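To start, the structure under review is shown below, and the notes come after it.
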Amino acid sequence: MHHPLSAITYFRRNPGKVLPMGFVIVLSVFLIASISSLANSIDRTILTIYGYTNYFTYVIPQRVTQRVPEEQLAVIRDDARVERVMEASLFFTNIKTVMGQLPFVVLGLEPEDRAYLTGRIGTSLLSGRMPAEGMPEAVLSEALARNKNVKIGDVIAGPTDEGGIAGSPVPVRCVGILKGTVWIAMTTKSFCDATFLTAPRSTVFTTRNRADLTAVNEDLMPARRRTQGKLSPSKVLVLSRQNLINQVRDSLSTLFLIMGFVNGTVIFVIALMSGMLSNIYFTQRMAEFAVLAAIGYQRTRLVTRIVGETFLLTCIGWAIGALVTFLFLSAFRTTLFEPKGLFVDPLDPFAYRYTIPIPFSITLFAVATIALRLMRLDPVTIIERR
Numbered sequence: 005m006h007h008p009l010s011a012i013t014y015f016r017r018n019p020g021k022v023l024p025m026g027f028v029i030v031l032s033v034f035l036i037a038s039i040s041s042l043a044n045s046i047d048r049t050i051l052t053i054y055g056y057t058n059y060f061t062y063v064i065p066q067r068v069t070q071r072v073p074e075e076q077l078a079v080i081r082d083d084a085r086v087e088r089v090m091e092a093s094l095f096f097t098n099i100k101t102v103m104g105q106l107p108f109v110v111l112g113l114e115p116e117d118r119a120y121l122t123g124r125i126g127t128s129l130l131s132g133r134m135p136a137e138g139m140p141e142a143v144l145s146e147a148l149a150r151n152k153n154v155k156i157g158d159v160i161a162g163p164t165d166e167g168g169i170a171g172s173p174v175p176v177r178c179v180g181i182l183k184g185t186v187w188i189a190m191t192t193k194s195f196c197d198a199t200f201l202t203a204p205r206s207t208v209f210t211t212r213n214r215a216d217l218t219a220v221n222e223d224l225m226p227a228r229r230r231t232q233g234k235l236s237p238s239k240v241l242v243l244s245r246q247n248l249i250n251q252v253r254d255s256l257s258t259l260f261l262i263m264g265f266v267n268g269t270v271i272f273v274i275a276l277m278s279g280m281l282s283n284i285y286f287t288q289r290m291a292e293f294a295v296l297a298a299i300g301y302q303r304t305r306l307v308t309r310i311v312g313e314t315f316l317l318t319c320i321g322w323a324i325g326a327l328v329t330f331l332f333l334s335a336f337r338t339t340l341f342e343p344k345g346l347f348v349d350p351l352d353p354f355a356y357r358y359t360i361p362i363p364f365s366i367t368l369f370a371v372a373t374i375a376l377r378l379m380r381l382d383p384v385t386i387i388e389r390r
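Residue numbers for the sequence shown follow the working numbering, so the first one is 5 and each next one is one higher.
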């Protein structure tokens, strides 16, 4: 049995009057959380696609040379944390993302280096075979093949490619699929060396302990202080995960600023509109509050009831809105977003954090306006008019 002044009492007796307000709150939470999650997924998409940077680092020569200079290689090899240094050739294939087509590297390695690197990443052949030496063939990870919508025997790069920077003078076919979640594509070094004569030869290195890779990258060439590392930025460029993250964050900083402003504006407008609805909602109940005041209930207790009702309604609406957002993003993550190159996290805390001000702002606005009217309430006048 609920107390007559319990916040639940009115909800239970008047669901038709409560549901419209609750629906507005649910819709506002869904709108803000979905937009925030989709915007933040751009950052996550880049880090997922280029997730191989968690396992190894590229060092590419600057345009003055075709290979990494020997004295720069010596600096890398002299670090006791480095396990293996490999020379790699490469070309690019296009991948689909929400930002359009982006280049993805197809790594050309010697057979023993390829076997080492696939073991390092934790992947192996799921179907097909490894590329034959000197042949225009490549293996792709499951996620990459799914993104490009290719299967064994399909062409992944060729002279007719459009968009991006991908292209090969001869068609390169997929001959194998690698299992695992890390995006990677591999071919033979002999094919790249014979086909892409002017392409630079990169260096790939790994560390004995994978957790040391970030520290080694920072020692060799700090992400934001390139001149303060052991390697010369005029001779080589280190393509590390830190550099990738910094570039992505710098590129998206304006987008996140705009998104924050838009979300703030939306939250303000929603709070204003919801507060106005709450004002109308409570105005219709002035006779009820007048009767309660006439029989002796203090105004502060009536205000407390309004606070309880409003905050409970907004919290329930927030929870349902968050649940609807999660279900929506989960339902379309693999069927709609990922095939388009957009990796959405339905449980992204960044997105839901933006919706937290909604219940507080609505409660504050609604209670502030209603409390002023309650303090000036003349119960006798209202009852007589009734």
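Backbone N, C-alpha and C define an ideal beta-carbon position, used for all residues, glycine too.
Only a predicted model underlies this, so the values are computations on that prediction, with no experimental measurement involved.
> Would Q76 be called buried (16 or more neighbouring beta carbons within 10 Å of its own) or exposed?
Replying inline: buried
> For the stretch 199-214 against the stretch 149-165, are there 3 or more C-beta pairs whose distance is under 8 Å?
Replying inline: no
>> For the alpha helix (DSSP H) containing P115, name the first residue and the last one.
In response: P115 to I125
> Is M422 helix, strand or coil by DSSP?
Replying inline: In the structure displayed, the chain extends from 5 to 390; residue 422 sits before or after that span and is not available.
> For the beta strand (DSSP E) that V371 lies in, which residues bound it at each end?
Replying inline: Element bounds for V371: not the beta strand (DSSP E) but the alpha helix (DSSP H), P361 to M379.
> When the Cα atoms are used, what is the spatial distance from L42 to V311?
Replying inline: 33 Å
> Where does the unbroken alpha helix (DSSP H) through M290 begin, and where does it stop?
Replying inline: For M290, the uninterrupted alpha helix (DSSP H) run begins and ends at M290 to A298, by DSSP.
> Between L248 and the rest of its own chain, which residues show a CB-CB distance below 8 Å, the 5 nearest in sequence each way excluded?
Replying inline: Only I50, L51, Y54 and T57 meet the Cβ criterion.
>> Assuming S145 is part of the alpha helix (DSSP H), what are its boundary residues?
In response: From DSSP, S145 is part of no alpha helix (DSSP H) but of the beta strand (DSSP E) over E141 to S145.
> Can you pull the DSSP bridge partners for K100?
Replying inline: Bridge pairing for K100: Q105 [DSSP].
> Fully enclosed by the stretch 213-284, which beta strand (DSSP E) runs are 3 residues long or longer?
Replying inline: 240-243
> How far does the alpha helix (DSSP H) with F354 in it reach, from first residue to last?
Replying inline: Boundaries of the alpha helix (DSSP H) around F354: P353 to R357.
>> Between the alpha carbons of R229 and T210, how many angstroms are there, rounded?
In response: 22 Å
> Straight-line CA distance for A375 to G26?
Replying inline: 21 Å
> So what does C178 bridge to, in DSSP terms?
Replying inline: A142
>> Which residue marks the beginning of the beta strand (DSSP E) containing S206, and which one marks its end?
In response: S206 to T211
> Nearest-angstrom Cα distance between V89 and A326?
Replying inline: 48 Å
> In terms of residues, what are the limits of the alpha helix (DSSP H) holding L316?
Replying inline: R303 to F336
>> Please report the straight-line C-alpha distance between I99 and V371, rounded to a whole angstrom.
In response: Near 52 Å, if we compare the C-alpha coordinates of V371 and I99.
> Near P163, which residues of its chain fall below 8 Å by C-beta distance, leaving aside the five closest residues on each side in sequence?
Replying inline: Only G171, S172, P173, V174 and P175 meet the Cβ criterion.
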